[in-house]
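Numbering (the working numbering), first residue to last: 28 to 161. Working notes for the structure below.
Right, dumping it as C-alpha cells:
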C-alpha cells in the first residue's frame with residue numbers, strides 16, 4: 028500500500044480536477060451557481076469569466092498532478108485554489124449552512140467542507156516529496 032498510495036492520490040487528483048474543472052468552462056458543472064455567487068464581488072472580470080478561470084485552473088492542477096516532476100506546482104496551485112473554495116462558508120453562510128447553524132451544512136456546505144480531505148491528501152503527497160529526497 029505504501030508504494031501505491033502516493034501515485035493513487037496523484038492520479039485521483041488528476042481525474043477529479045481535470046473532470047470537474049473542464050465542466051465549468053463548458054457550462055455543465057453543478058457548482059457553477061455556487062461559484063458565481065461566491066465570486067460575484069471580485070474585481071477585473073464578470074462572474075462567468077471567473078468560473079472559466081477557476082475551471083481551467085483546476086484542469087491545470089489535474090494535469091500537473093499527472094507528472095511527478097510537476098507535483099510541487101500542482102500542490103501550490105491546489106492550495107491557492109483551496110483558499111477560494113472555502114470562501115462560500117464565510118461569504119454565503121445562508122447557502123452553506125441550514126438556518127445559519129454551522130453544525131448543519133447544506134449539500135453545498137458539505138461540497139466545500141470535504142475539501143479538508145483534499146488538503147490532507149495534498150499534504151501527504153508533499154510530505155512524501157520531502158522525505159523521498161533524503
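Ideal Cβ placement from N, Cα and C applies to all residues, glycine included.
If you look at residue 127, you'll find it isn't in any alpha helix (DSSP H); DSSP assigns it neither H nor E.
Selection 40, 146, 117 and 153 evaluated against residue 136 yields 117 as nearest (Cα-Cα).
In the three-state reduction of the DSSP assignment, residue 120 falls in the helix class, which pools H, G and I. At the C-beta level, residue 113 and residue 101 stay beyond 8 angstroms of one another. At the C-beta level, residue 149 and residue 105 come within 8 angstroms of one another. Under the DSSP assignment, residue 69 falls outside any alpha helix (DSSP H); it carries neither an H nor an E label. Between residue 61 and residue 111, the alpha-carbon positions lie close to 12 angstroms from each other. Setting aside the 5 residues that flank it on each side, residue 133 is surrounded in the same chain by 122, 123, 124 and 125, each with a C-beta closer than 8 angstroms to its C-beta; the list follows chain order. The continuous alpha helix (DSSP H) containing residue 32 extends over residues 29 to 50.
When the beta-carbon positions are compared, residue 45 and residue 86 come within less than 8 angstroms of each other.
Annotation: the continuous alpha helix (DSSP H) that includes residue 107 extends over 98 to 112.
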